[in-house]
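Notes follow once the structure below has been shown.
Take a look at the structure:
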């Protein structure tokens with residue numbers, strides 16, 4: 363079930379079907395962006411939206427409350443990964459990483475991005491990338507396994523980091539099938555990431571994972587030998603023990619496809635959400651009874667382990683059909699949260715506060 | 000006499016139901032497309048896909064990709080340039096309402112069909128494309144697509160020459176080798192017409208116990224260029240006497256419990272277009288039949304049984320219908 367190539371008009375978006383905890387509100391932030399995927403927000407409040415199945419990066423400007431969606435760059439190939447740092451937009455396509463300096467000054471006349479790193483394979487399976495900048499001012503991105511299940515070449519199934527100019531590549535984690543979401547613990551400064559596990563083993567196994575990179579350069583998360591920390595692969599597991607590998611810190615459901623994840627560091631939501639991780643589960647594609655299509659929140663212990671996982675936004679899955687599919691989460695300066703939906707080509711904003719005077723949602727605001 | 004009355008029944012059925020859909024004019028901008036893809040959903044051109052009954056969301060995605068240059072192929076890139084979203088959607092809906100492409104006139108070799116059937120299940124094709132390969136939502140219909148186009152498409156996905164809208168096909172074909180792509184294409188092109196695709200008037204018109212000898216009935220359609228030429232392409236014409244002889248040998252073998260030999264005789268007659276042979280061949284794979292006949296040491300295969308029953312039904316043997324239903328019930332579909 364892939365997202366359609368036509369965005370849903372804003373008045374047809376499924377907001378009324380979504381369920382949030384008490385006193386949380388959801389509204390349309392921007393729409394009309396086919397296959398809206400990764401979200402990044404600049405200091406000036408411009409929201410950058412990537413795509414995976416289209417060729418475009420969008421910019422959503424916000425001037426005095428008036429929002430405008432414009433294509434920033436087109437002609438890209440699977441430009442899923444984007445990151446912002448010191449005014450530069452970094453773009454990860456299938457097999458190259460490029461940048462646009464001072465992007466805020468070029469929202470209407472952005473030139474072709476300048477390539478900074480292209481020592482990358484071109485495999486289609488799990489070839490799309492998630493891109494982020496770490497507290498060490500380096501770019502982090504994934505190279506997925508070129509298959510559902512196989513012994514990957516040494517260049518694959520890993521997370522790499524490079525300097526902002528593309529130099530100094532290091533592999534920081536291995537044995538990872540595919541990552542489509544990473545973020546740093548705001549206090550421990552450790553990299554957390556979601557991982558999508560293999561298909562066709564069974565409908566209920568293995569579960570997708572939430573991982574933590576405690577030992578950069580050393581941790582191996584088990585692919586293709588061990589799944590979900592305790593299941594040896596039926597084909598490749600022989601001769602290995604799951605104890606050889608770094609275990610997940612939480613299991614996120616079989617084939618639920620957890621993608622974007624974000625530590626909540628804002629002030630708007632109640633205190634119980636401080637430093638918790640919001641995780642967008644895109645939802646399963648091949649499972650008979652679909653699972654996911656929601657936002658869950660992982661609350662953590664002081665040592666960074668997971669205390670609980672609870673539903674936060676549900677309702678994207680209705681009668682075993684998707685009415686939307688959540689992808690990435692970003693925080694605005696005021697502590698409200700943005701959420702992308704690649705099924706409808708839209709971005710939503712989630713706020714906390716007692717109900718407004720009218721029950722109407724802020725559609726078109 | 001009888002044939003004439005049956006023909007009248009079919010004409011009446013067409014007038015009552017099917018004609019309005021068939022008579023609908025294509026959207027104006029679609030007319031040039033149909034010169035290659037076929038006005039009735041069936042392409043007669045090498046490497047050009049049949050689009051009849053294709054799932055509309057899939058067609059919209061492909062047109063979107065051609066328009067954006069994400070899928071490369073002329074003349075499609077140039078032809079899709081000028082079209083807006085509404086054009087893409089109306090084209091897709093029109094094509095989805097055209098009749099599905101017809102199965103080839105030869106039923107295909109059962110050994111190859113069995114290999115293709117096994118591969119399609121081993122690699123989970125049926126999960127998304129559906130057990131009858133009619134497709135679903137954005138997942139395309141594959142049943143009776145042109146064999147040359149299927150093979151080219153699979154090879155292009157495998158090599159990366161064709162980028163999918165997403166990476167699913169590249170991923171699932173990763174462990175499939177070229178010889179298997181050839182078998183899959185052959186199997187998908189030769190799928191028998193399923194009961195749902197038989198016009199309602201036909202199956203109810205012939206509730207007879209003895210199927211007519213097809214070889215002496217209406218003339219076979221002229222061999223079309225549809226089936227990619229294979230050096231082993233069987234003849235679809237055998238004399239009535241030869242068919243009877245094959246059936247006799249098959250029956251004798253089956254009575255002795257020699258199912259493997261019986262299948263060979265039945266297959267020859269079934270491939271030549273004989274409904275009774277297709278029905279009996281289906282039975283030799285039908286777990287219910289094998290159980291009742293006490294042939295418990297013979298391995299059944301519901302999927303293969305379904306193939307041949309479907310073929311028998313298509314050739315006019317109405318008895319195949321309850322057997323197909325029985326297979327469906329067993330599988331809990």
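Residue numbers (this note's numbering), protein chains in the order written: chain A, 363 to 727; chain B, 0 to 332.
For each residue, glycine too, the CB sits at the ideal point set by N, CA and C.
Note that this is a predicted model, so its numbers are computed, not measured.
Report the rounded CA-to-CA distance for residue 221 of chain B versus residue 321 of chain B, giving the unit in angstroms. For residue 221 of chain B, the predicted model reports a pLDDT of 35, less than 50, meaning its position is unreliable and no value from the coordinates is stated.
Within 8 Å, strictly: CB atoms of residue 191 of chain B and residue 102 of chain B: Going by beta carbons, residue 191 of chain B and residue 102 of chain B fall inside the 8 Å limit.
Return the residue from the list A:665, A:610, A:455, A:454 that minimises the CA-CA distance to residue 550 of chain A. The shortest CA-to-CA distance from residue 550 of chain A to any of A:665, A:610, A:455, A:454 is the one to A:665.
Going by DSSP in three states, residue 316 of chain A sits in which element: helix, strand or coil? No answer is possible for residue 316 of chain A: it lies beyond the span of chain A, which begins at 363 and ends at 727.
Quick check on the burial criterion: 16 or more other C-beta atoms within 10 angstroms. Buried or exposed for residue 477 of chain A? Exposed, since its Cβ has fewer than 16 Cβ neighbours within 10 Å.
Please list, in chain order, the chain A residues whose beta carbon lies closer than 9 Å to that of residue 60 of chain B. In chain order: 364, 366, 367, 415.
Inspect the beta-carbon positions of residue 556 of chain A and residue 611 of chain A and report whether they are closer than 8 Å. With a cutoff of 8 Å on beta-carbon distance, residue 556 of chain A and residue 611 of chain A are scored as not near each other.
With a threshold of 8 Å between beta carbons, is residue 322 of chain B in contact with chain A? With 8 Å as the cut-off, residue 322 of chain B does not count as an interface residue toward chain A.
Contact criterion: CB-CB distance below 8 Å. Does residue 300 of chain B meet it with respect to chain A? Chain A, which has no Cβ nearer than 8 Å to the Cβ of residue 300 of chain B, makes this no.
Through-space distance from residue 432 of chain A to residue 472 of chain A, alpha-carbon basis: So the two alpha carbons sit approximately 11 Å from each other.
For the 8 Å Cβ check, are there 3 or more pairs between the region 76-93 of chain B and the region 52-60 of chain B? At 8 Å Cβ cutoff, the stretches touch.
Assuming the contact rule is C-beta atoms closer than 8 Å, residue 622 of chain A and residue 697 of chain A should be a hit. Round their C-beta distance to whole Å, please. About 18 Å; that fails the 8 Å criterion.
Residues bridged to residue 535 of chain A [DSSP beta-bridge criterion]: In DSSP, residue 535 of chain A forms a bridge with A:521.
Can you tell which of B:269, B:107, B:158, B:174 has the C-alpha that lies nearest to the C-alpha of residue 118 of chain B? Of all alpha-carbon atoms in B:269, B:107, B:158, B:174, the one lying nearest the alpha-carbon of residue 118 of chain B is that of B:174.
Given this structure, state the Cα-to-Cα distance separating residue 573 of chain A from residue 84 of chain B, to the nearest angstrom. As the crow flies, the alpha-carbon of residue 573 of chain A is around 41 Å from that of residue 84 of chain B.
Go ahead and pull the three-state DSSP assignment for residue 546 of chain A. Looking at residue 546 of chain A - three-state DSSP - the assignment turns out to be strand.
Identify each residue in the region 146-170 of chain B for which the Cβ-Cβ distance to at least one residue of chain A is less than 8 Å, and report them in chain order. Only those residues of the region 146-170 of chain B whose C-beta falls short of 8 Å from the nearest C-beta of chain A are listed: 159, 162, 163, 164, 165, 166, 167, 169, 170.
Extent of the continuous alpha helix (DSSP H) run through residue 633 of chain A: No alpha helix (DSSP H) contains residue 633 of chain A, which DSSP labels as neither H nor E.
If we cut at 8 Å on Cβ distances, does residue 489 of chain A have a partner in chain B? So, interface residue.
If I'm right that residue 585 of chain A touches residue 660 of chain A with Cβ under 8 Å, what's the distance once you round it to whole angstroms? No, residue 585 of chain A and residue 660 of chain A are not in contact; Cβ-Cβ is about 21 Å, not under 8 Å.
Give the residues from the region 482-512 of chain A that approach chain B closer than 8 Å (Cβ to any Cβ), ordered along the chain. Of all residues in the region 482-512 of chain A, 484, 485, 486, 487, 488, 489, 490, 508, 509, 510, 512 have a Cβ within less than 8 Å of some Cβ in chain B.
Any idea what DSSP makes of residue 412 of chain A, helix, strand or coil? Of the three classes helix, strand and coil, the one that applies to residue 412 of chain A here is strand, per DSSP.
Partner residues on chain A for residue 63 of chain B, Cβ-Cβ distance less than 7 Å: Simply 367.
Going by beta-carbon coordinates alone, are residue 145 of chain B and residue 42 of chain B separated by less than 8 Å? Note that the C-beta distance between residue 145 of chain B and residue 42 of chain B is below 8 Å.
Whose C-alpha, out of B:111, B:134, B:240, B:138, is nearest the C-alpha of residue 178 of chain B? Nearest of B:111, B:134, B:240, B:138 to residue 178 of chain B, Cα basis: B:111.
With residue 290 of chain B as the anchor, note down where its beta strand (DSSP E) starts and where it stops. No beta strand (DSSP E) holds residue 290 of chain B; the alpha helix (DSSP H) holding it covers 286-291.
Measuring only the C-alpha atoms, how far is residue 183 of chain B from residue 67 of chain B? Taking the straight line joining both Cα atoms gives about 30 Å.
Can you tell me where the alpha helix (DSSP H) holding residue 185 of chain B begins and where it ends? Where residue 185 of chain B is concerned, the enclosing alpha helix (DSSP H) stretches over 177-188.
How is the alpha helix (DSSP H) around residue 42 of chain B delimited, first residue to last? Note, residue 42 of chain B: premise wrong, no alpha helix (DSSP H); not H, not E.
Hey, would you say residue 675 of chain A sits closer than 8 Å to residue 704 of chain A, going by beta carbons? Not a contact, by the Cβ cut-off of 8 Å.
Nonlocal neighbours in the same chain, by C-beta distance under 7 Å from residue 707 of chain A, ignoring five residues either side: Scanning its chain for C-beta atoms nearer than 7 Å, with the 5 sequence neighbours on each side dropped, one finds around residue 707 of chain A the residues 369, 370, 393, 394, 395, 396, 397, 398, in chain order.
Less than 8 Å between the beta carbons of residue 268 of chain B and residue 276 of chain B, yes or no? In this structure, residue 268 of chain B lies near residue 276 of chain B, with their beta-carbon atoms less than 8 Å apart.
Going along the chain, which residues of the region 647-667 of chain A sit with their C-beta nearer than 9 Å to a C-beta in chain B? Those residues of the region 647-667 of chain A that come within reach of chain B (Cβ to Cβ, closer than 9 Å) are 647, 648, 650.
Write down the C-beta distance between residue 597 of chain A and residue 575 of chain A rounded to the nearest angstrom, noting that I regard them as a contact closer than 8 Å. With a Cβ gap of about 27 Å, residue 597 of chain A and residue 575 of chain A do not count as contacting.
Contiguous alpha helix (DSSP H) assignments of at least 4 residues, all confined to the region 617-695 of chain A: Runs found: none.
How many angstroms separate the CA atom of residue 625 of chain A from the CA atom of residue 689 of chain A? Taken atom to atom, the span from the alpha-carbon of residue 625 of chain A to that of residue 689 of chain A is near 15 Å.
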